[in-house]
Amino acid sequence: MKGDRVEIVIDAGGDTRTYEIEATRAGRRVDVSHGRGLVEVTETTRGGTAVRTARFMAGRVLALVEHPAPRLALDDDADVTPLRQTA
13 MKGDRVEIVI DAGGDTRTYE IEATRAGRRV DVSHGRGLVE VTETTRGGTA VRTARFMAGR
73 VLALVEHPAP RLALDDDADV TPLRQTA
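Numbering (my numbering), first residue to last: 13 to 99.
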């Protein structure tokens, strides 16, 4: 969904660099996958076609933070009630 954003902080040999991948249009989303020593962040369309891809060595990734787009509350969303009440 437009507004989805992933922030990646990597070690660049004594320095850190920050990269941001964001869904730039309505209907696009940002997917994160990792395996075999790589972290891959991809902006994809509704149909699943990759628009942009960023690949990082997993050993260099210091932090990966996902910022989902805010979602409007729907009529059928239930109110959240706390499990315990404080004394």
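Virtual Cβ for every residue (Gly too), placed ideally from N, Cα, C.
- Annotation for residue 23: the continuous beta strand (DSSP E) segment containing it runs 17–23.
- Using a C-beta cut-off of 8 Å, the segment 80–94 makes no contact with the segment 48–63, since fewer than three inter-stretch Cβ pairs fall below that distance.
- In this structure, the beta-carbon distance from residue 35 to residue 44 does not fall below 9 Å.
- Secondary structure of residue 29 (DSSP, three-state): strand.
- Taking the Cβ atoms as the reference, residue 71 lies roughly 13 Å from residue 47, outside the contact range of under 8 Å.
- The continuous stretches of beta strand (DSSP E) do not include residue 90, and DSSP gives it neither H nor E.
- Residue 19 and residue 29 have their C-alpha atoms spaced approximately 10 Å apart.
- The Cβ-Cβ distance between residue 75 and residue 52 does not fall below 9 Å.
- Here residue 40 is buried, its C-beta having at least 16 other C-beta atoms within 10 Å.
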